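Below you'll find the structure, written out as C-alpha cells, and then a few comments.
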Ligand code: KIV
Ligand code: ZN
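Numbering (our numbering), first residue to last: 71 to 585.
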C-alpha cells in the first residue's frame, strides 16, 4: 500500500457552507492559487449546481489551476453531474465528486428512498459520471452511521461502476477515533474490490475529534486520502483542519510512517488569507496557525527554549510559514515595489486596473500608517477583491463625536448606487452610532449576528479588522473591513456585508440540505 496521503482540500466547498463564509469568484480563485502553492493534491472548488455564481467560480478555478486536481461536488443525479462536468471543462485535471446518503435515517427522512433505490441510484450516477470524466469520487453521505452490510454493497457496486475514490464521511461528527478507524478497516476488508479504489476520510468536528478521527482512518483503517479545510473552516464546529493533519503526519512520522506533498511553509499564509476573506477569525490558541501557537510566555519555558528549543517545541514556527512581523513597505515605496511585494506574497493580479486600485489603497494606508506589513498588503488585496464583487454601498467618509457622559453620535457619507448620501445617528458607542447611521439610509432591516474586532498586526498602530455577520431572509453573510481606525473598519465591514446581501450570486443551496 502506498505511503502517500492525498490531501483533498474542501475549504471552497464544505468550508464555504459555514454560515456567512460564502466567497466570490475572485476570492475563490485567490484561495485556490494559494492552495496550489501549498501543493494540495485536490481542490474541491465548490458545488456547481448550487448556483450560477458557484458554477462560474468553479470554472474560473479550473482555468487558473495547473498543478492540483480541481473537483466539483454533485448530488448523485445526471443534472448535477453534468453541471459539475461543464464547470470543470477548463481543468487540466478534473474530478467529479458524487454523493448520496446511505444511513437509514437519511435514506428514510431526507431522500425518502428505500435502500434498494439508493443502491440503484448510486450505481447509475457513477456510470453516468464515468462518461464525463475518468476521475470519479463517490461519497456515502452519513457513511459512518450507515449499516455495514448495506454500505459494503453500495461501495462494491460504485467501485465496479468506475469510482476510483471512495469517501466515508462522518457527516455529523459522531465518530470516535478507534471506532472510525476500525469502521474503515472493516469496510476495506469486506468489500471484495476494495483495492481498486483509494479510501478517503471526511470528518466533522462536532465532538472536537475530526482530526483524530481522520488520522485513525488512515492509521487503523488504511485510508489514503484525507478531506480537510484550512483553519478547520466548516459548518457547525467545522471540518478536519488541514494544518493539524499535515503537521501531525510530519511531526509524528515515527508513528504514522506516511508522507504528504504539502509545502508547510505556505500554511500560515493560507490560514491568514482564508481568515481575511471569510471573516472567520482564528482563535489564538488554535494549533499550528493560532497567534499563540508558538508563543512561550512562561519564564520557565522561555529559559528552556533559549537553552535548547526542543525542550518545549515540537515544531518550528518558521517551518509552517510564521515570520516575524517585518516592515515591508512605507510611504515612499513606489508602484514597482508594491507589485514586487504582491508577487513575493504569491498574489496574482492580472488586470492593470486592479493593481492601480490596490496601489491607491496602499498609498492611502501608507499616509495613515508609517509601517506597512505583509498582513496589511493581504488585507488591502482582500478589500480590493471584495470591492470587485460589486459595491452597491460604498464608504466615502465619516466623523463621530463621543465624550464621557454623552451619547455618541456619528455622521457618515456613502454612495448607494450612483447617489451620494449622508446621514447621522446616535448609538450606545461610536461603532453602534456609525452602523445606525448607515442603517438610517440603507434600511436593510438585517439582523446583526456577530461583530468582532481583531488587530491584524501587533500594537495599537495596527489596522483593525472587523467582521460583521448579518442575517436576512434566511441568508447569512459576513462582511470584513480593515482600517487603522476601527470605527471606519466597522462601517466598511457593515457595508461589505450589505453588498453581499445585495448580490444575488451569493445565494447558494446547501449540498446536504437538499435531497
Ligand atoms: O459531510 C459530508 O457528508 C459531506 C459530503 C457531501 C462529502 O460533506
Ligand atoms: Zn462534510
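Backbone N, C-alpha and C fix where the C-beta goes; we use that ideal spot for every residue, glycine too. Treat the numbers as computed from the prediction; the structure is a model and nothing was measured.
Is the distance from the Cβ of residue 562 to the Cβ of residue 551 below 8 Å?
yes
Got a sec? Which residues, its chain only, sit under 6 Å from residue 220 by beta carbon, not counting five neighbours each side?
Answer for residue 220: 185, listed in chain order.
Spell out a yes or no on whether the stretch 78-93 and the stretch 109-119 are touching, meaning 3 or more CB-CB pairs, one atom from each, closer than 8 Å.
yes
Run the proximity test for residue 84: is its beta-carbon closer than 7 Å to any non-hydrogen atom belonging to the ligand ZN?
yes
Cβ neighbour criterion (16 or more within 10 Å) applied to residue 413
exposed
Run the proximity test for residue 253: is its beta-carbon closer than 7 Å to any non-hydrogen atom belonging to the ligand KIV?
Every heavy atom of the ligand KIV is 7 Å or more from the Cβ of residue 253, so no.
Identity of the residues DSSP links to residue 481 by a beta bridge
469 and 494
Smallest Cα separation from residue 286: which of 238, 156, 183 and 304?
Ranking the options by Cα distance to residue 286, first place goes to 238.
Is residue 95 helix, strand or coil by DSSP?
helix
Between residue 411 and the rest of its own chain, which residues show a CB-CB distance below 7 Å, the 5 nearest in sequence each way excluded?
398, 399 and 447
Can residue 309 be considered in contact with the ligand ZN, in the sense that its beta carbon sits closer than 7 Å to one or more heavy atoms?
yes
Anyone know if the C-beta pair for residue 453 and residue 431 falls short of 8 Å?
yes
Which ranges does the beta strand (DSSP E) cover as unbroken runs of at least 3 residues, wholly within the stretch 71-124, from first to last along the chain?
The DSSP assignment places 76-79 and 112-117 as complete runs of the beta strand (DSSP E) inside the stretch 71-124, in order along the chain (cut-off: 3 residues).
Using the beta-carbon count (16 or more within 10 Å), is residue 108 buried or exposed?
buried
In the DSSP assignment, find the alpha helix (DSSP H) that holds residue 564 and state where it starts and stops.
556-572
Within 8 Å, do at least three Cβ pairs link the stretch 385-395 to the stretch 353-368?
yes
Roughly how many angstroms separate the alpha carbons of residue 483 and residue 567, rounded to a whole number?
17 Å
Note down, in chain order, each residue of its chain lying with its Cβ closer than 7 Å to the Cβ of residue 268, except the 5 sequence neighbours on either side.
76, 234, 235, 294 and 295
Please go through the same chain and pick out, in chain order, the residues whose beta-carbon is closer than 7 Å to the beta-carbon of residue 133, but skip the five residues on each side of it.
160
Can you determine whether any heavy atom of the ligand SAH sits closer than 7 Å to the C-beta of residue 577, and answer yes or no?
The model depicted lacks the ligand SAH and carries the ligand KIV and the ligand ZN instead.
Residue 435 in three-state terms, based on DSSP
helix
Report yes if the C-beta distance between residue 155 and residue 139 is below 8 Å; otherwise report no.
no
Which of the three DSSP states, helix, strand or coil, is assigned to residue 141?
In the structure shown, the three-state DSSP call for residue 141 is strand.
Give a single yes or no on whether residue 295 has its beta carbon closer than 7 Å to a heavy atom of the ligand KIV.
no
Looking only at C-alpha atoms, which of 291, 306, 417 and 338 sits nearest to residue 316?
That would be 338, whose Cα lies nearest to the Cα of residue 316.
Evaluate contact between the stretch 516-527 and the stretch 482-498, counting only Cβ atoms and requiring at least three cross-stretch pairs below 8 Å.
no
Compute every distance between the C-beta of residue 241 and the non-hydrogen atoms of the ligand ZN, then say whether any falls below 7 Å.
Yes, Cβ of residue 241 sits closer than 7 Å to a heavy atom of the ligand ZN.
From residue 276 to residue 305, what distance separates their C-alpha atoms?
9 Å
Nearest-angstrom Cα distance between residue 417 and residue 100?
7 Å
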